[in-house]
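Residue numbers (UniProt numbering): 1 to 411.
Cβ atoms here follow ideal geometry from the backbone N, Cα and C, with glycine treated the same way.
Report on the structure given below.
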């Protein structure tokens with residue numbers, strides 16, 4: 001018998017949000033739309049600042065709170081986002097004659113081209129590029145899933161046929177003809193298992209041959225998006241420095257330390273670091289469980305079970321894949337949300353019970369309010385994942401902080 005099947009012991013398929021999974025490039029495309037919105041956010045931020053200074057006191061307090069929350073939770077999330085807010089929010093005085101609005105608008109107009117049907121040309125080109133690069137591999141992956149299901153179904157039929165044959169031998173009422181039919185059924189099932197297994201292995205081999213080209217094509221489109229994002233980050237850096245120059249009243253000694261820290265924070269911002277961070281958390285740098293041949297195992301010590309064993313190269317985590325692909329060109333829709341308002345994530349009940357989770361990978365915190373842990377460590381999840389993929393958690397030693405949501409699994 002080539003395998004066994006148990007209806008009540010089917011293996012549960014895990015899901016992954018790896019960049020390499022079908023359709024998971026959409027986060028990279030969404031970043032283009034977010035970049036355009038961030039330019040508007042910057043202009044709104046400065047414009048509101050100028051209006052607030054007319055009544056300075058209460059209005060300035062409201063502004064500081066609003067933009068602290070935007071920097072904390074909005075699209076400016078990056079390895080240095082929290083250090084920036086600490087120096088940006090306190091900077092205020094009653095004179096702010098910044099004339100950079102037109103420069104931001106002109107750059108925004110040159111960098112982002114709106115389409116008649118909505119959205120931006122740059123985002124559409126990235127979407128089309130990723131879809132074209134992924135389509136052949138996705139089709140082959142769908143074919144692999146079909147072959148795998150056929151093979152596993154053949155294993156199930158073989159087991160049932162062999163069970164019927166064994167039972168018939170103990171039944172004296174069965175005629176030789178009936179016994180012969182059952183034996184023929186077993187032989188046919190064995191042949192079906194052999195054929196479907198060969199088909200499964202063949203399609204898997206074809207998929208593996210397609211994978212290098214798939215990786216190369218996806219990398220090319222992703223790098224184009226990275227270059228576009230790098231231009232935006234560098235322009236924003238230039239604008240922030242320009243704002244700083246208008247804010248810095250050199251003759252006022254009381255502001256000297258504040259502006260020194262602000263300039264240092266802005267100058268220490270690194271576009272390459274931000275790009276590397278996005279690559280490792282939402283791009284090709286993410287781990288991927290490539291499809292491998294899976295064999296059904298029989299029962300052990302009288303207990304029915306179901307196990308999938310990967311043959312060939314190792315991978316990060318054992319799992320099966322579910323691929324749903326359509327040739328239809330779907331419309332691009334991205335969920336955007338207002339980051340304004342809300343509360344500080346650490347103002348909630350940090351001592352709450354939460355949910356116990358286990359780390360899948362090592363993670364070293366990049367900021368003071370980020371947690372560090374090793375693969376296999378257990379911690380407590382204190383809140384749901386935010387828009388940027390972060391969760392609040394508590395280590396067993398009582399330390400509170402943030403961590404990437406896709407680095408852990410529920411226990």
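Boundaries (first-last residue) of the alpha helix (DSSP H) holding residue i
i           : result
residue 119 : Here residue 119 belongs to no alpha helix (DSSP H), and DSSP marks it neither H nor E.
residue 258 : 256-268
residue 392 : From DSSP, residue 392 is part of no alpha helix (DSSP H) but of the beta strand (DSSP E) over 390-394.
residue 400 : Counting along the chain, residue 400 falls outside any alpha helix (DSSP H), though it belongs to the beta strand (DSSP E) covering 400-404.
residue 109 : 101-111
residue 374 : Counting along the chain, residue 374 falls outside any alpha helix (DSSP H), and DSSP gives it neither H nor E.
residue 30  : 26-52
residue 272 : 271-282
Nearest to residue i (by Cα), restricted to the options the options
i           : options               : result
residue 354 : 200, 117, 378 and 205 : 378
residue 407 : 236, 119, 43 and 373  : 373
residue 111 : 364, 235 and 272      : 235
residue 119 : 20, 207, 33 and 384   : 33
residue 271 : 366, 237, 363 and 104 : 237
residue 404 : 397, 371 and 44       : 371
residue 398 : 409, 410, 411 and 382 : 382
residue 385 : 375, 368 and 409      : 409
residue 141 : 376, 43, 356 and 208  : 208
residue 43  : 121, 173, 50 and 101  : 101
Euclidean distance between Cα positions of residue i and residue j
i           : j           : result
residue 35  : residue 359 : 31 angstroms
residue 61  : residue 52  : 9 angstroms
residue 46  : residue 242 : 12 angstroms
residue 169 : residue 195 : 28 angstroms
residue 277 : residue 113 : 27 angstroms
residue 164 : residue 184 : 12 angstroms
residue 361 : residue 178 : 57 angstroms
residue 388 : residue 291 : 28 angstroms
residue 203 : residue 279 : 30 angstroms
residue 256 : residue 248 : 8 angstroms
residue 137 : residue 31  : 24 angstroms
residue 265 : residue 38  : 19 angstroms
residue 130 : residue 162 : 48 angstroms
residue 244 : residue 99  : 12 angstroms
residue 182 : residue 143 : 32 angstroms
residue 267 : residue 139 : 46 angstroms
residue 212 : residue 71  : 39 angstroms
residue 16  : residue 66  : 34 angstroms
residue 19  : residue 282 : 6 angstroms
residue 48  : residue 63  : 7 angstroms
residue 295 : residue 115 : 49 angstroms
residue 411 : residue 108 : 46 angstroms
residue 376 : residue 356 : 12 angstroms
residue 69  : residue 117 : 32 angstroms
residue 104 : residue 152 : 59 angstroms
residue 273 : residue 233 : 11 angstroms
residue 41  : residue 395 : 35 angstroms
residue 259 : residue 246 : 11 angstroms
residue 29  : residue 121 : 11 angstroms
residue 220 : residue 214 : 10 angstroms
residue 293 : residue 160 : 23 angstroms
residue 176 : residue 187 : 17 angstroms
residue 94  : residue 106 : Residue placement at residue 94 is flagged as unreliable, the pLDDT there being 48, under the threshold of 50; the coordinate-derived value follows with that caveat. Their Cα atoms are separated by approximately 27 angstroms.
residue 206 : residue 156 : 25 angstroms
For residue j and residue i, believed in contact at Cβ under 8 angstroms, the rounded distance
i           : j           : result
residue 239 : residue 134 : No, residue 239 and residue 134 are not in contact; Cβ-Cβ is about 35 angstroms, not under 8 angstroms.
residue 402 : residue 391 : 7 angstroms
residue 275 : residue 229 : 7 angstroms
residue 192 : residue 154 : 4 angstroms
residue 380 : residue 393 : 6 angstroms
residue 158 : residue 189 : 4 angstroms
Segment limits, beta strand (DSSP E) that includes residue i
i           : result
residue 291 : Unbroken run through residue 291: none, as it is neither H nor E.
residue 379 : 378-381
residue 186 : It is not in any beta strand (DSSP E) - residue 186 instead sits in the alpha helix (DSSP H) that spans 176-247.
residue 409 : 408-410
residue 359 : 355-359
Answer yes if the region 218-231 comes into contact with the region 121-133, meaning at least three C-beta pairs across the two stretches below 8 angstroms, and no otherwise. Yes, since at least three Cβ pairs between the region 121-133 and the region 218-231 fall closer than 8 angstroms, the two stretches touch.
Please confirm if the region 274-286 is in contact with the region 14-33, defined as three or more CB-CB distances below 8 angstroms between the two stretches. Flag = yes, the region 274-286 and the region 14-33 touch.
Across the region 195-205 and the region 142-152, are there enough close Cβ pairs to call them in contact, namely three or more that are closer than 8 angstroms? With a cut-off of 8 angstroms, the region 142-152 and the region 195-205 count as touching, because enough Cβ pairs lie within range.
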